[in-house]
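*Asks:* Take this structure, written in structure tokens, and hold onto it; I'll ask about it next.
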Amino acid sequence: MRVLLVEDNPTLANSLTDALTHARFAVDCMHDGEAADHVLRTQDYALVILDLGLPKLDGLEVLRRLRQRRNPVPVLILTAHGSVEDRVKGLDLGADDYLAKPFELTELEARARALIRRSHGHEGTRMECGPLAYDSVDRSFRLDGEPLALTPRERAVLEVLILRNGRAINKETLSEKIFGIDESVNPDAIEIYVHRLRKKLEKSTAAIVTLRGLGYLLEAKTPPASQA
4 MRVLLVEDNP
14 TLANSLTDAL
24 THARFAVDCM
34 HDGEAADHVL
44 RTQDYALVIL
54 DLGLPKLDGL
64 EVLRRLRQRR
74 NPVPVLILTA
84 HGSVEDRVKG
94 LDLGADDYLA
104 KPFELTELEA
114 RARALIRRSH
124 GHEGTRMECG
134 PLAYDSVDRS
144 FRLDGEPLAL
154 TPRERAVLEV
164 LILRNGRAIN
174 KETLSEKIFG
184 IDESVNPDAI
194 EIYVHRLRKK
204 LEKSTAAIVT
214 LRGLGYLLEA
224 KTPPASQA
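For the sequence shown, the working numbering assigns the number 4 to the initial residue and increments by one for each residue that follows.
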């Protein structure tokens, strides 16, 4: 999942980026409100982690502009310990959750996963597509009840597809969600991971199909009718 982290403290920003990357999120990091506002106008994210005390444009204004554009991306705000007024303002402006500093990295990761699940309409931790099952707590896949061995990139691609809940996603958007803003990455690299996943799913009824002009879609195929 692709996450935007907006934090002006370099040490904290690096620490959070490392933790989220280790938790298998693709992270873009901005250090001021103007940069965050700009990227949120042009890029698509699964979650925004937003500090309120930002230079150039404060976090509340970034949030206000985001919701004014009717962007529904879930927002987790980071606040200084005891700043109740800012928490209330943030929630009133459309933030989905808040976390007071200092906080444990494990709690940040758990809240991030919960907000992303909720934004996709999945309050539970388990999702299925035919024989393919996904557990969003440990981000693991099982196929026909057995663990499915995946590389980190393969897992990230399959995770995006299953969270789309039957909606297609084009190659460019899928690439952005996996690799973040990285102009050195060719979107065609996604085809490699899709090919590998198809090989791992080929003996099941779960399949990644290509819809012309729309992109990739994860679906459960109807098994052939048995012959009497």
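Even glycine gets a Cβ: it sits at the ideal position worked out from N, Cα and C.
Please say whether residue 89 and residue 118 have beta carbons closer to each other than 8 Å?
*Replies:* Against a cut-off of 8 Å, the Cβ pair of residue 89 and residue 118 comes out as no contact.
*Asks:* For a test of the three-state rule: what should DSSP assign to residue 231, helix, strand or coil?
*Replies:* Because the pLDDT of residue 231 is 46, which lies under 50, any placement of that residue in the model is unreliable, and the question is left without a value.
*Asks:* So, residue 35 versus residue 58, is the Cβ gap smaller than 8 Å?
*Replies:* Closer than 8 Å, so yes.
*Asks:* Leaving out five residues on either side along the sequence, give the residues of the same chain with a beta carbon under 8 Å from the beta carbon of residue 110.
*Replies:* Closer than 8 Å at Cβ, skipping near neighbours: 102.
*Asks:* What would DSSP say about residue 76, mapped onto helix, strand or coil?
*Replies:* Three-state DSSP puts residue 76 in coil, outside helix and strand.
*Asks:* Does the beta-carbon distance from residue 19 to residue 8 come in below 8 Å?
*Replies:* Yes, the Cβ-Cβ distance between residue 19 and residue 8 is below 8 Å.
*Asks:* State the start and end residues of the unbroken beta strand (DSSP E) segment that holds residue 211.
*Replies:* Run containing residue 211: 209 to 214, per the beta strand (DSSP E) assignment.
*Asks:* For residue 80, tell me which candidate among 51, 33, 132, 209 has the shortest Cα-Cα distance.
*Replies:* Ranking 51, 33, 132, 209 by Cα distance to residue 80 puts 51 first.
*Asks:* Among the residues of its own chain, which have a CB less than 7 Å from the CB of residue 114, if the five just before and after it don't count?
*Replies:* 79, 100, 102.
*Asks:* Write down the C-beta distance between residue 233 and residue 157 rounded to the nearest angstrom, noting that I regard them as a contact closer than 8 Å.
*Replies:* Residue 233 lies beyond the stretch modelled for the chain, which goes from 4 to 231, so this question has no answer here.
*Asks:* Suppose contacts are defined by Cβ-Cβ distances below 8 Å. Is residue 169 in contact with residue 222 by that definition?
*Replies:* Cβ distance < 8 Å, so residue 169 and residue 222 count as in contact.
*Asks:* Return helix, strand or coil for residue 56, following the three-state DSSP convention.
*Replies:* Residue 56: coil per DSSP, three-state reduction.
*Asks:* For residue 218, count neighbouring Cβ atoms within 10 angstroms of its own Cβ and tell me buried if that reaches 16, exposed if not.
*Replies:* Buried, because 16 or more other Cβ atoms sit within 10 Å of the Cβ of residue 218.
*Asks:* Starting from residue 7, trace the beta strand (DSSP E) both ways and give me its first and last residue.
*Replies:* Start and end: 5 to 9.
*Asks:* Along the chain, which unbroken stretches of the alpha helix (DSSP H) at least 4 residues long are found entirely within the segment 22 to 72?
*Replies:* Entirely contained in the segment 22 to 72, the alpha helix (DSSP H) runs reaching 4 residues are, in chain order, 36 to 45, 62 to 71.
*Asks:* Could you check if residue 10 is buried or exposed, using at least 16 other CB atoms within 10 Å of its CB as the buried criterion?
*Replies:* Under this definition residue 10 is a buried residue.
*Asks:* For the candidate residues 76, 194, 56, whose alpha-carbon lies nearest to that of residue 178?
*Replies:* Nearest option by C-alpha distance: 194.
*Asks:* Quick check: residue 133 and residue 209, are their CB atoms within less than 8 Å of each other?
*Replies:* In contact: residue 133 and residue 209 (Cβ atoms closer than 8 Å).
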